[in-house]
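Student: Okay, so the sequence shown: first residue is 19 according to our numbering, each after it adds one. Please find one structure pasted underneath; my questions will follow.
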Amino acid sequence: MFDGLMDTVGSRFARPEPRRRVRDFVAGLLAPLPVKNCWTIAEHAGDTGPGGMQDLIGRASWDDALVRADVRGFVAARLGHPDGVLLVDETGDLKKGTHTVGVQRQYSGTAGKIENCQLAVHLSYASPLGHTLLDVAFYLPKSWTEDPARRAEAGVPDTIGFATKPQLARRLIETAVAGGLPCRWVAGDEAYGGDPHLATALRQQRLGYVLAVARSHRVRPDSASSGPPRSPPDYRSRRGNASPPGQPRKGTATTTGRSSPCPTPLTSIKVITGC
Numbered sequence: 019m020f021d022g023l024m025d026t027v028g029s030r031f032a033r034p035e036p037r038r039r040v041r042d043f044v045a046g047l048l049a050p051l052p053v054k055n056c057w058t059i060a061e062h063a064g065d066t067g068p069g070g071m072q073d074l075i076g077r078a079s080w081d082d083a084l085v086r087a088d089v090r091g092f093v094a095a096r097l098g099h100p101d102g103v104l105l106v107d108e109t110g111d112l113k114k115g116t117h118t119v120g121v122q123r124q125y126s127g128t129a130g131k132i133e134n135c136q137l138a139v140h141l142s143y144a145s146p147l148g149h150t151l152l153d154v155a156f157y158l159p160k161s162w163t164e165d166p167a168r169r170a171e172a173g174v175p176d177t178i179g180f181a182t183k184p185q186l187a188r189r190l191i192e193t194a195v196a197g198g199l200p201c202r203w204v205a206g207d208e209a210y211g212g213d214p215h216l217a218t219a220l221r222q223q224r225l226g227y228v229l230a231v232a233r234s235h236r237v238r239p240d241s242a243s244s245g246p247p248r249s250p251p252d253y254r255s256r257r258g259n260a261s262p263p264g265q266p267r268k269g270t271a272t273t274t275g276r277s278s279p280c281p282t283p284l285t286s287i288k289v290i291t292g293c
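Structure follows, in structure tokens:
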């Protein structure tokens with residue numbers, strides 16, 4: 019599968035050197051290295067120094083959007099399934115100093131506390147055929163987007179503005195769906211369940227969703243979805259019970275959807291399932 023993916027994206031690199039290096043770079047990312055950076059990945063590839071890997075990342079000419087599209091197409095062809103699930107979550111990369119793009123003191127799920135780090139929103143795909151990382155969007159905090167001098171020094175393009183993590187997740191999901199990736203559900207933690215705009219966008223895409231929310235989150239009866247997702251599950255009852263047959267109904271979950279609206283506001287809810 020690795021060779022097939024590398025053959026697919028290799029055509030996006032005009033010269034043989036970056037084609038070889040991107041293969042070695044991805045192999046290094048997948049290898050069980052204790053630390054992964056251009057130095058360790060170059061060493062894993064048998065290079066004498068990190069220059070080649072740094073050239074690939076910083077100076078080589080290749081179209082990031084086309085490579086991402088190739089990856090999505092490859093995943094759809096190998097793992098695509100009508101019951102596919104898209105999962106959104108962010109990952110923190112601990113950093114020292116203040117010059118690395120996007121770095122600031124912020125909560126990192128990787129560390130489990132507030133740390134000096136970068137954050138990126140990742141989109142994964144899971145189906146009965148397997149699971150894989152699908153796409154990623156870098157989170158640029160307001161401390162960066164509102165500081166022109168800092169942006170210029172780090173080479174951040176003027177076209178990149180501030181976007182919340184749920185907004186980044188929405189863009190990733192919409193791109194995957196528009197590209198033809200078969201999927202039926204979206205799942206995410208409280209960082210995404212707390213944004214009503216994301217849930218609305220998923221309903222508009224006719225996607226079911228399971229998103230964690232805070233216990234203080236309130237659900238209104240008029241927040242029912244405009245319709246069910248493609249091929250909705252048959253275990254939804256008319257009373258809004260989201261549990262499969264034979265399972266007890268849980269008071270900390272509800273279903274949103276035309277056929278099973280939430281009858282009363284809830285003040286303590288952990289999961290919303292959009293159907």
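Ideal Cβ positions, reconstructed from N, Cα and C, are used throughout, including at glycine.
Going by DSSP, name the residue or residues bridged to I132.
Tutor: Along the sequence shown, one-based indexing puts residue 132 at 114. Partner(s): Y125.
Student: Near V204, which residues of its chain fall below 8 Å by C-beta distance, leaving aside the five closest residues on each side in sequence?
Tutor: By one-based count along the sequence shown, residue 204 stands at place 186. Closer than 8 Å at Cβ, skipping near neighbours: V103, L104, L105, V106, I191, L220, L225, G226, Y227, V228 and L229.
Student: Distance check for P100 and P200, CA to CA, integer angstroms please.
Tutor: For the purposes of this step, residue 200 is taken as the residue at position 182 of the sequence shown. For the purposes of this step, residue 100 is taken as the residue at position 82 of the sequence shown. Their Cα atoms are separated by approximately 5 Å.
Student: Do you know offhand how far A187's Cα is from A32's?
Tutor: As a first step, residue 187 is located in the sequence shown; it is residue number 169 there, counting from the start. As a first step, residue 32 is located in the sequence shown; it is residue number 14 there, counting from the start. About 31 Å.
Student: Answer yes or no: do G110 and A129 have a C-beta to C-beta separation smaller than 8 Å?
Tutor: Walking along the sequence shown from the start, residue 110 turns up at place 92. Walking along the sequence shown from the start, residue 129 turns up at place 111. Closer than 8 Å, so yes.
Student: Given this structure, state the Cα-to-Cα distance separating V27 from V237, to the nearest angstrom.
Tutor: Counting from 1 along the sequence shown, the entry for residue 27 is found at position 9. Counting from 1 along the sequence shown, the entry for residue 237 is found at position 219. Computed Cα separation, rounded: 44 Å.
Student: Near G179, which residues of its chain fall below 7 Å by C-beta distance, leaving aside the five closest residues on each side in sequence?
Tutor: Position 161 of the sequence shown, counting from 1, holds the residue named residue 179. The answer, listed in chain order, is T163.
Student: Less than 8 Å between the C-beta atoms of L84 and R30, yes or no?
Tutor: Walking along the sequence shown from the start, residue 84 turns up at place 66. Walking along the sequence shown from the start, residue 30 turns up at place 12. Yes.
Student: Are the beta-carbon atoms of V295 and Y157 separated by less than 8 Å?
Tutor: The structure shown does not extend to residue 295, since the chain is modelled only from 19 to 293, so the question has no answer here.
Student: Comparing C-alpha positions only, which one of Q223, E208 and L216 sits nearest to S234?
Tutor: For the purposes of this step, residue 234 is taken as residue 216 along the sequence shown, with counting starting at 1. Of the listed residues, the one whose Cα sits closest to S234 is E208.
Student: Scan the stretch 162-242 and note each continuous beta strand (DSSP E) run of 3 residues or more that stays entirely inside, going in chain order.
Tutor: The stretch 162-242 contains these whole beta strand (DSSP E) runs: 203-206 and 226-230.
Student: How should D25 be labelled, buried or exposed, when 16 other C-beta atoms within 10 angstroms of its C-beta is the threshold for buried?
Tutor: In the sequence shown, counting from the first residue as 1, residue 25 sits at position 7. D25 should be labelled exposed.
Student: DSSP three-state label for D73, please.
Tutor: Taking the sequence shown and counting its residues from 1, the one referred to as residue 73 is at position 55. Residue state, collapsed to three classes: helix.
Student: Find out if the Cβ-Cβ distance for the pair D153, A194 is shorter than 8 Å.
Tutor: By 1-based counting over the sequence shown, the position of residue 153 is 135. By 1-based counting over the sequence shown, the position of residue 194 is 176. A contact, by the Cβ cut-off of 8 Å.
Student: Considering only their Cβ atoms, is the gap separating K183 from V121 smaller than 8 Å?
Tutor: If you number the sequence shown from 1, residue 121 lands on position 103. If you number the sequence shown from 1, residue 183 lands on position 165. Against a cut-off of 8 Å, the Cβ pair of K183 and V121 comes out as no contact.
Student: Let me know the secondary structure DSSP gives A1 once reduced to three states.
Tutor: Because the chain is modelled from 19 through 293, residue 1 falls outside the range shown and cannot be assessed.
Student: To the nearest angstrom, how far is it from the Cα of A155 to the Cα of P68?
Tutor: Here residue 155 refers to the residue found at position 137 of the sequence shown. Here residue 68 refers to the residue found at position 50 of the sequence shown. Going by the C-alpha atoms only, they are around 25 Å apart.
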